[in-house]
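Accompanying notes for the structure given below.
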Amino acid sequence: MSSFFLAGPLIVFLIFVAPLWLILHYRSKKKTASGLSEDDFERLQTLSEKAEQMQKRVETLERILDTETPSWRRRYE
7 MSSFFLAGPL IVFLIFVAPL WLILHYRSKK KTASGLSEDD FERLQTLSEK AEQMQKRVET
67 LERILDTETP SWRRRYE
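Structure below.
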């Protein structure tokens, strides 16, 4: 009787849960191994361009602050 309580859930696990688990696991591995999709790559390009624009703006602001207040860096470092 006690072996049925152990064997029953084990059989259900091996028939239903384990195959589904393996299928989902290897499907997710395949997706991560394929790399970036086109949509993700476009988003990455857009973010990279925006980051470059922001870097230029920061450099411009630092140049303005250097001319107007030469000692500003000492206060914030």
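Counting from 7, one number per residue, gives the positions in the sequence shown under the working numbering. Using N, Cα and C, we set each Cβ at its ideal position, and we do this for glycine too. The model shown is predicted, which means the values in this text are computed figures rather than measured ones.
Once the 5 residues before and after L50 are set aside, which same chain residues still bring their CB inside 6 Å of it?
Along the sequence shown, read from residue 1 onward, the residue named residue 50 stands at position 44. Excluding sequence neighbours, L50 sits near nothing in its chain.
Which of the three DSSP states is assigned to T66 in this structure?
The count along the sequence shown starts at 1 and reaches residue 66 at position 60. Helix at T66.
- Task: Pull up the CB-CB distance for L67 and W78, whole angstroms please, since I reckon it's below 8 Å.
- Result: Numbered from 1 along the sequence shown, position 61 holds the residue referred to as residue 67. Numbered from 1 along the sequence shown, position 72 holds the residue referred to as residue 78. Actually they do not touch by this definition, with Cβ atoms about 10 Å apart.
Could you tell me the distance, in whole angstroms, from the CA atom of A13 to the CA atom of L20?
Locating residue 13 in the sequence shown gives position 7, where the first residue counts as 1. Locating residue 20 in the sequence shown gives position 14, where the first residue counts as 1. Their Cα atoms are separated by approximately 10 Å.
Work out the CA separation of E48 and R81 for me, nearest whole Å.
Taking the sequence shown and counting its residues from 1, the one referred to as residue 81 is at position 75. Taking the sequence shown and counting its residues from 1, the one referred to as residue 48 is at position 42. One C-alpha to the other measures close to 40 Å.
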